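Here's the structure we're looking at; comments come further down.
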Amino acid sequence: MDFKIHIFCGTSYLCKLIRKTFVREPYTFNCTEVTDKLNDKSGKLDYTPDCIIFDKDIAGDFKEEIINKHSDSSIILLPSLNEIEALANSKNVFQISEPFKLSELSEVLKEIYHNKQIEESIN
41 MDFKIHIFCG TSYLCKLIRK TFVREPYTFN CTEVTDKLND KSGKLDYTPD CIIFDKDIAG
101 DFKEEIINKH SDSSIILLPS LNEIEALANS KNVFQISEPF KLSELSEVLK EIYHNKQIEE
161 SIN
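Residue numbers (our numbering): 41 to 163.
This is the structure:
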């Protein structure tokens with residue numbers, strides 16, 4: 041099963057770190073580095089990811105736009121102390137607490153991946 045994950049981050053460092061950490065897992069990572077000067081293409085994905093990860097510095101309105109476009113994707117919010125309540129209460133939104141730990145991200149990704157496997161076996 042191809043498990044596609046898209047990361048929206050402020051710097052490429054986070055994406056590189058996550059890719060390196062999960063190199064042995066059955067995940068395919070794509071990244072978008074989001075700057076203050078967003079362009080129309082930064083939020084457009086030509087595929088539907090199974091999971092979307094947002095770095096803490098990504099603006100709330102941008103997150104909402106992406107989540108609305110990809111409502112079937114699971115969402116992970118990296119350190120999310122002050123997250124938008126509407127996002128935090130969604131059924132497919134997972135929050136990683138501060139301070140950010142790769143082990144916690146690993147557990148959440150495993151849970152999402154496992155649930156996707158079950159869903160695919162039923163269908």
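Note that the Cβ used here is the ideal one computed from N, Cα and C, for glycine as well.
Note that the coordinates shown come from a computational prediction; the quantities given were computed from them, not determined experimentally.
Rounded separation between residue i and residue j - CA only
i	j	result
Thr88	Ser113	7 Å
Ala151	Cys55	The sequence as given places Glu at residue 151; Ala does not occur at that position. Rounded to the nearest angstrom, the two C-alpha atoms are 20 Å apart.
Ile106	Thr51	18 Å
Phe140	Asp97	13 Å
His110	Glu144	23 Å
Tyr53	Thr75	14 Å
Lys44	Tyr67	6 Å
Phe69	Met41	14 Å
Val148	Arg59	15 Å
Three-way DSSP call (helix, strand, coil) for residue i in this model
i	result
Phe94	strand
Val148	helix
Tyr153	helix
Ser114	strand
Ile136	coil
Lys103	helix
Leu142	helix
Asn108	helix
CB of residue i within 8 Å of CB of residue j, strictly
i	j	result
Ser146	Pro119	no
Leu142	Thr61	yes
Asp90	Phe48	no
Ile115	Phe134	yes
His154	Ile92	no
Delimiting residues of the beta strand (DSSP E) encompassing residue i
i	result
Glu73	Tyr67 to Glu73
Any non-hydrogen atom of the ligand HEM within 7 Å of residue i CB
i	result
Thr72	Judged by which ligands are present, the structure shown has none, so any question about the ligand HEM falls away.
Run of the alpha helix (DSSP H) containing residue i, from where it starts to where it stops
i	result
Lys44	It is not in any alpha helix (DSSP H) - Lys44 instead sits in the beta strand (DSSP E) that spans Phe43 to Cys49.
Arg59	Ser52 to Thr61
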